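Trainee:
Number of protein chains: 2
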Amino acid sequence: MSGEDTRRDLLLAAERLFAAGGIDGPSMREISKAAGQLNTSALQYHFGDRQSVLAAIIDRHHRDVEPHRLGLLDTLELDGEPPGESGLRELAAALVLPQAARLDHHDGGPEYLQIIAEVTARPERFAASFAAVSAAPSMVRWRALVTPFLPPAAVGPPLHRRFAAIRFLNGELATRAREHHRPDHRLFASHLVDLVTAILAAPVSAQTSRHIHSSPPNPADR
Amino acid sequence: MSGEDTRRDLLLAAERLFAAGGIDGPSMREISKAAGQLNTSALQYHFGDRQSVLAAIIDRHHRDVEPHRLGLLDTLELDGEPPGESGLRELAAALVLPQAARLDHHDGGPEYLQIIAEVTARPERFAASFAAVSAAPSMVRWRALVTPFLPPAAVGPPLHRRFAAIRFLNGELATRAREHHRPDHRLFASHLVDLVTAILAAPVSAQTSRHIHSSPPNPADR
DNA sequence: CAATTTCTAAGACAAGTGCTTTAGCAAGTC
DNA sequence: GACTTGCTAAAGCACTTGTCTTAGAAATTG
Numbered sequence: 063m064s065g066e067d068t069r070r071d072l073l074l075a076a077e078r079l080f081a082a083g084g085i086d087g088p089s090m091r092e093i094s095k096a097a098g099q100l101n102t103s104a105l106q107y108h109f110g111d112r113q114s115v116l117a118a119i120i121d122r123h124h125r126d127v128e129p130h131r132l133g134l135l136d137t138l139e140l141d142g143e144p145p146g147e148s149g150l151r152e153l154a155a156a157l158v159l160p161q162a163a164r165l166d167h168h169d170g171g172p173e174y175l176q177i178i179a180e181v182t183a184r185p186e187r188f189a190a191s192f193a194a195v196s197a198a199p200s201m202v203r204w205r206a207l208v209t210p211f212l213p214p215a216a217v218g219p220p221l222h223r224r225f226a227a228i229r230f231l232n233g234e235l236a237t238r239a240r241e242h243h244r245p246d247h248r249l250f251a252s253h254l255v256d257l258v259t260a261i262l263a264a265p266v267s268a269q270t271s272r273h274i275h276s277s278p279p280n281p282a283d284r
Numbered sequence: 063m064s065g066e067d068t069r070r071d072l073l074l075a076a077e078r079l080f081a082a083g084g085i086d087g088p089s090m091r092e093i094s095k096a097a098g099q100l101n102t103s104a105l106q107y108h109f110g111d112r113q114s115v116l117a118a119i120i121d122r123h124h125r126d127v128e129p130h131r132l133g134l135l136d137t138l139e140l141d142g143e144p145p146g147e148s149g150l151r152e153l154a155a156a157l158v159l160p161q162a163a164r165l166d167h168h169d170g171g172p173e174y175l176q177i178i179a180e181v182t183a184r185p186e187r188f189a190a191s192f193a194a195v196s197a198a199p200s201m202v203r204w205r206a207l208v209t210p211f212l213p214p215a216a217v218g219p220p221l222h223r224r225f226a227a228i229r230f231l232n233g234e235l236a237t238r239a240r241e242h243h244r245p246d247h248r249l250f251a252s253h254l255v256d257l258v259t260a261i262l263a264a265p266v267s268a269q270t271s272r273h274i275h276s277s278p279p280n281p282a283d284r
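Below, the structure written as structure tokens:
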């Protein structure tokens with residue numbers, strides 16, 4: 063077996079075990095064994111440490127997700143973003159669909175979604191990967207495009223809706239990915255687009271406006 | 063030092079370390095040491111295993127959260143639930159505020175919120191605690207009260223909005239809890255109520271309706 | 001007071017951890 | 001052919017893990 067094959071086997075095993083037991087769950091030995099390696103330290107040889115394995119897994123899937131999302135953003139910009147709710151739904155779709163497509167990608171797709179959710183949920187623990195995911199070109203571009211659609215109070219602290227929407231998306235996709243092997247995810251994805259749109263477009267209630275105007279901006283909220 | 067004090071110290075240390083390193087992060091020894099115990103197995107003596115420590119932590123905070131939420135639901139039912147959006151916002155508030163109040167509870171409140179989020183995000187790993195949290199009387203009652211407010215398509219599979227809203231809430235509270243010590247969380251909580259309301263009340267889009275009617279109900283979606 | 005229960009201290013145990021080293025194998029390259 | 005290179009096998013390192021045992025201190029009870 064060539065080195066390239068071994069590398070791929072290790073990556074797939076790590077993916078599976080990371081999804082099942084958490085990124086910090088399985089030991090390096092365990093992953094090597096699961097990949098069919100009798101060598102206890104094959105993982106160290108090929109990747110070095112846990113963080114690098116994680117980075118390699120994410121990178122593998124980003125190779126598909128990124129172009130997909132960039133393509134959606136391209137057509138969205140060519141058509142000219144229609145203002146109002148409908149334009150926002152298309153932007154939400156550009157966020158959701160490329161990730162949701164991983165549900166059907168039976169080569170580690172669901173596992174990837176669970177891993178991404180863990181990285182998103184604990185950014186300080188997986189800082190390097192979290193930064194990489196956040197700085198992906200498609201995400202930077204998406205954030206810039208969506209901002210004008212949001213109510214002003216929804217952009218700054220104390221609760222950035224862009225980030226809240228992303229966290230929500232990743233969490234729900236992971237939940238779906240855990241409930242194995244559904245044949246068709248289109249209805250689910252459509253619901254998800256509705257909810258992400260709702261989070262982004264949610265009106266700022268009278269109560270919240272009152273809070274904004276009654277209390278000075280909180281300096282501790284950067 | 064009495065046994066009761068030691069027990070409390072162990073619980074607080076576990077809370078802190080669970081929040082910082084994940085529930086599976088710290089070793090039993092580590093927790094004992096952090097609680098000032100020279101005994102390496104003080105935790106085992108008082109609680110038995112990790113799951114029981116987790117259960118004790120959650121129970122400690124539920125003692126405050128449960129009555130708070132039940133009280134809100136009581137006044138809400140006495141006033142008679144006004145139909146439409148405003149009644150829904152009050153229901154969302156009854157879900158959000160008792161948990162959000164933990165942000166200010168500087169006796170493990172923020173830590174508790176991070177722990178709850180992890181339990182919610184990985185229900186199969188922490189099945190016992192997840193079941194306990196889900197079966198709490200206030201939550202059972204809340205679910206029953208909120209259901210009539212939801213669009214029919216939002217109640218069943220493939221995406222229960224009640225559960226999605228709860229997951230969202232727990233995740234955002236954990237994120238807020240991680241960004242230490244803000245003096246005032248009322249504006250944040252109000253934003254959060256807006257977003258939970260938006261998730262629950264989100265219109266089912268034309269695209270989603272088309273998916274519902276064009277494809278037969280998916281038998282794999284229980 | 002004595003007896004009993006409750007709790008902490010201290011240590012030992014096998015098993016498992018990340019990581020390193022050494023050896024061997026199978027290709028390519030000169 | 002000799003030799004470097006890429007990779008796997010196997011074992012060993014110091015250390016940590018959960019669990020168990022034993023002993024002694026402290027509080028509670030008779």
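For the protein sequence lines, the chains are A and B, in the order given. The number in our numbering is simply the position in the first sequence, starting from 1, with 62 added. The number in our numbering is simply the position in the second sequence, starting from 1, with 62 added. Heads up, the beta-carbon is just placed ideally off N, CA and C, and yes, glycines get one too. Predicted model, so just to flag it, every value in this text is computed and none were measured.
Measure the C-alpha to C-alpha separation of residue 134/A and residue 202/A and round it to an integer number of angstroms.
Mentor: In a straight line, the C-alpha of residue 134/A is about 14 Å away from that of residue 202/A.
Trainee: Starting from residue 269/B, find everything on chain A with Cβ-Cβ shorter than 7 Å and list it in chain order.
Mentor: Going along chain A in sequence order, the residues near residue 269/B (Cβ under 7 Å) are 252.
Trainee: If you draw a straight line from the C-alpha of residue 221/A to the C-alpha of residue 266/A, how long is it?
Mentor: When rounded, the distance between both Cα atoms is 12 Å.
Trainee: Using the C-alpha atoms, what's the distance from residue 90/B back to residue 102/B?
Mentor: Straight-line Cα distance between these residues: approximately 8 Å.
Trainee: Give me the Cβ distance between residue 154/B and residue 262/B, rounded to the nearest whole Å; I'm assuming they're in contact under 8 Å.
Mentor: Between residue 262/B and residue 154/B the Cβ distance is about 6 Å, and since that is below 8 Å, they are a contact.
Trainee: Any idea what DSSP makes of residue 188/A, helix, strand or coil?
Mentor: Coil at residue 188/A, not helix or strand.
Trainee: Have a look at 85/B, 94/B and 80/B and flag the residue whose alpha-carbon is nearest the alpha-carbon of residue 69/B.
Mentor: Ranking 85/B, 94/B and 80/B by Cα distance to residue 69/B puts 94/B first.
Trainee: Using the Cβ count rule (16 or more neighbours within 10 Å means buried), how would you classify residue 100/A?
Mentor: Exposed, by the Cβ-count rule.
Trainee: Return the residue from the list 175/B, 187/B and 211/B that minimises the CA-CA distance to residue 82/B.
Mentor: The candidate whose alpha carbon is nearest that of residue 82/B is 175/B.
Trainee: Could you check which residue in 236/A, 247/A, 269/A and 207/A has the C-alpha nearest to that of residue 219/B?
Mentor: The candidate whose alpha carbon is nearest that of residue 219/B is 247/A.
Trainee: When the Cβ atoms of the segment 231-239 of chain A are set against those of the segment 153-167 of chain A, are three or more pairs found closer than 8 Å?
Mentor: Enough Cβ pairs lie closer than 8 Å, so yes.
Trainee: Check each residue of the segment 202-218 of chain B: if its Cβ is closer than 7 Å to any Cβ of chain A, include it; give the result in chain order.
Mentor: Per Cβ criterion, the list is empty.
Trainee: When the distance is taken between beta carbons, is residue 183/A closer than 8 Å to residue 183/B?
Mentor: Closer than 8 Å, so yes.
Trainee: Please report whether the beta-carbon of residue 63/A lies at a distance below 8 Å from any beta-carbon of chain B.
Mentor: Reliability of the predicted coordinates at residue 63/A is poor, the pLDDT of 49 falling under 50, and the value obtained from them is presented with this limitation in mind. Judged by the 8 Å Cβ criterion, residue 63/A is not in contact with chain B.
Trainee: Round the Cβ separation of residue 252/A and residue 270/B to the nearest angstrom and send it over; I've been treating them as touching at under 8 Å.
Mentor: So it is a contact: roughly 4 Å between Cβ atoms.
Trainee: How far does the alpha helix (DSSP H) with residue 241/A in it extend, from its first residue to its last?
Mentor: Per DSSP, residue 241/A belongs to no alpha helix (DSSP H) and is neither H nor E.
Trainee: Leaving aside the five residues before and after residue 139/A along the sequence, list all residues of the same chain whose C-beta is less than 8 Å from its C-beta, in chain order.
Mentor: 207.
Trainee: Establish whether the CB of residue 224/B and some CB of chain A are separated by less than 8 Å.
Mentor: Not closer than 8 Å to any Cβ of chain A, the Cβ of residue 224/B fails to qualify, so no.
Trainee: Measure the C-alpha to C-alpha separation of residue 92/B and residue 179/B and round it to an integer number of angstroms.
Mentor: Looking at the two C-alpha atoms, the distance is approximately 22 Å.
Trainee: Which residues of chain B have a Cβ atom closer than 7 Å to the Cβ of residue 220/A, listed in chain order?
Mentor: Here the neighbours are 249, 250 and 253.
Trainee: Keeping to the same chain, check which residues put their C-beta closer than 7 Å to that of residue 272/A; ignore five residues upstream and five downstream.
Mentor: None.
Trainee: Do you know offhand how far residue 80/B's Cα is from residue 258/B's?
Mentor: Going by the C-alpha atoms only, they are around 27 Å apart.
Trainee: Cβ of residue 198/B within 8 Å of Cβ of residue 241/B?
Mentor: No, these two residues do not count as a Cβ contact at 8 Å.
Trainee: Say whether chain B places a C-beta atom closer than 8 Å to the C-beta of residue 260/A.
Mentor: Yes - at least one Cβ of chain B is within 8 Å of the one on residue 260/A.
Trainee: Roughly how many whole angstroms lie between the Cα atoms of residue 116/B and residue 238/B?
Mentor: Their backbone Cα atoms lie some 21 Å apart in a straight line.
Trainee: Checking 8 Å against the spacing of the C-beta atoms, do residue 111/B and residue 87/A come in under that value?
Mentor: In this structure, residue 87/A does not lie closer than 8 Å to residue 111/B by Cβ.
Trainee: Can you tell me whether DSSP reads residue 159/A as helix, strand or coil?
Mentor: Of the three classes helix, strand and coil, the one that applies to residue 159/A here is helix, per DSSP.
Trainee: Can you round the beta-carbon distance between residue 73/A and residue 122/A to whole angstroms, since I take them to be within the 8 Å contact cut?
Mentor: The pair is a contact, with the Cβ atoms about 7 Å apart (cut-off 8 Å).
Trainee: By the 10 Å Cβ neighbour count, where 16 or more other Cβ atoms means buried, how is residue 84/A classified, buried or exposed?
Mentor: Classification of residue 84/A: buried, given that the 10 Å Cβ count is 16 or more.
Trainee: I want to verify the contact list: residues of chain A whose CB lies under 8 Å from the CB of residue 257/B, in sequence order.
Mentor: By Cβ distance, chain A contributes 221, 223, 226, 261 and 264.
Trainee: Are any of the Cβ atoms in chain B nearer than 8 Å to that of residue 193/A?
Mentor: Judged by the 8 Å Cβ criterion, residue 193/A is not in contact with chain B.
Trainee: If the cut is a Cβ gap below 9 Å, which residues of chain B does residue 86/A touch?
Mentor: Correct list: 83, 84, 86 and 87.
Trainee: Give a yes or no on whether the minimum CB-CB distance between residue 285/A and chain B is below 8 Å.
Mentor: Shown here, chain A extends from 63 to 284; a query on residue 285/A therefore has no answer.
Trainee: Could you pull out every residue in the same chain whose Cβ sits closer than 8 Å to the Cβ of residue 224/A, ignoring the five residues on either side in sequence?
Mentor: Correct list, in chain order: 205, 208, 209, 212, 217 and 262.
Trainee: My assumption, with CB atoms under 8 Å, is that residue 76/A sits in contact with residue 119/A. Please give the rounded CB distance.
Mentor: Yes, residue 76/A and residue 119/A are in contact; Cβ-Cβ is about 6 Å, under 8 Å.
Trainee: On the criterion of 16 or more Cβ atoms from any shown chain inside 10 Å, does residue 66/B qualify as buried, or is it exposed?
Mentor: That one is exposed.
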